[in-house]
Amino acid sequence: MKKLNFLFFLLLLLPEVIFSQESYTSLQTNSGEVKIPGKWQQLNTAEDSGQTYLKNSDNVIIAIAKNPKRAYPFYAKEKSDFENVIAFYKWDADYRESLNSKTQKLKENPKTEYIIWKYNDGKADNVFLFGSSQKDFLNLLVYTNNWTEEQKIKFLENLFEMNKK
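Structure below.
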């Protein structure tokens, strides 16, 4: 009888477990695979930065690059991972400002080694997360007017945590 009850319990629980699993999209980058929550269609990859652009069914655009830290001109081996993330942010923000874009740092987390910042291209805010992942930098972007800034930040933080390893 115990086996029958257990089997019945499994039959009731199994569909719930199967259908509650979140779907993911996998992306191969210059430095390995990145897992993205949800279903995303790959659009294109920028050869110079290795940044791959993707879009979901809600027309939210994201971009992802995972490149070796040593590939960047500002990288200094003697600095901490977070100091190098700060240098990455400064390097890109300075470039955006040289193109007359307004930039703003939104959040930083020295413990988990990331900075979230944005610039506006005249159409929408480009919200980035630059973070450290072992020997690589993760460059994550959300570009949409469909999400609030808070939704963009939460998505980027979740994406970073999934791929920081």
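Each residue of the sequence shown is one higher than the one before, starting from 31 at the first, in my numbering.
Glycine included, each C-beta is placed from N, C-alpha and C at the ideal position.
As the structure is a computational prediction, the values presented were derived from the model and not from experiment.
**OP:** Please classify Leu170: does DSSP put it in a helix, a strand, or coil?
**Re:** strand
**OP:** Check whether the Cβ atoms of Leu171 and Asn156 lie closer than 9 Å to each other.
**Re:** yes
Original post:
Helix, strand or coil: which one does DSSP assign to Phe118?
Top reply: helix
Original post:
Excluding sequence positions up to five away, which residues of its chain have a Cβ less than 7 Å from the Cβ of Pro98?
Top reply: Ser61, Lys165 and Asp166
Original post:
Cα separation between Gly68 and Asn114?
Top reply: 30 Å
Subject >> Distance, Ala106 Cα to Leu73 Cα >> reply: 33 Å
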